[in-house]
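Visitor: Counting from 3, one number per residue, gives the positions in the sequence shown under this note's numbering. The structure under discussion is supplied below as structure tokens; questions concerning it will follow.
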Amino acid sequence: PRPGLTWYNASKGWAITATKSMAVELAPKNIRVNCLCPVAGETGMLEKFMGADTPEIRERFRASIPLGRLSTPLDIANAALWLASDEAAFITGVALEVDGGRCI
């Protein structure tokens, strides 16, 4: 959780709990439900998470991600495509962190 974003943080916790609940309810119908948890990345929300977008602050934020870079919308899309694919057919009720290792 990030300071100053209590309601945003709470909404993410709700989404994860709702995902798990829906996964249990819908599994008998062979419907899988999963949740993506992306790290703040190259989107319009970036300044909300790291503050002013300066090279120094950007580098500090990037350094907090073990894979050493910010996420892109394509990173998130690829995770969603995988979860929707047959390769993930036995996965349901998970919150997949697409965060470059930041939450480790």
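Ideal placement from N, C-alpha and C gives every residue a C-beta, glycine not left out. These numbers were taken from a predicted model, which means no experiment stands behind them.
Measure the CB-CB distance between Ser-73 and Val-100 and report whether it falls below 8 Å.
Guide: yes
Visitor: Rounded to a whole number of angstroms, what is the C-alpha to C-alpha distance between Arg-34 and Ser-23?
Guide: 11 Å
Visitor: Name, in chain order, the residues that DSSP records as bridge partners for Pro-5.
Guide: None, per the DSSP bridge assignment.
Visitor: Can you name the start and end residues of the beta strand (DSSP E) that Thr-85 belongs to?
Guide: A quick correction: the sequence has Leu, not Thr, at residue 85. Where Leu-85 is concerned, there is no enclosing beta strand (DSSP E), although the alpha helix (DSSP H) it sits in stretches over 75 to 86.
Visitor: Under 8 Å: do the segment 60 to 77 and the segment 34 to 45 share three or more Cβ pairs, one atom per stretch?
Guide: yes
Visitor: Taking the alpha carbon of Asn-32 as the reference point, which residue from Ala-20, Phe-92, Pro-5 and Trp-9 has its own alpha carbon closest?
Guide: Of Ala-20, Phe-92, Pro-5 and Trp-9, the smallest CA-CA separation from Asn-32 is found for Phe-92.
Visitor: Could you name the residues of the same chain whose beta carbon sits closer than 6 Å to that of Arg-60, not counting the 5 residues immediately before and after it, in chain order?
Guide: none
Visitor: Let me know the secondary structure DSSP gives Leu-98 once reduced to three states.
Guide: strand
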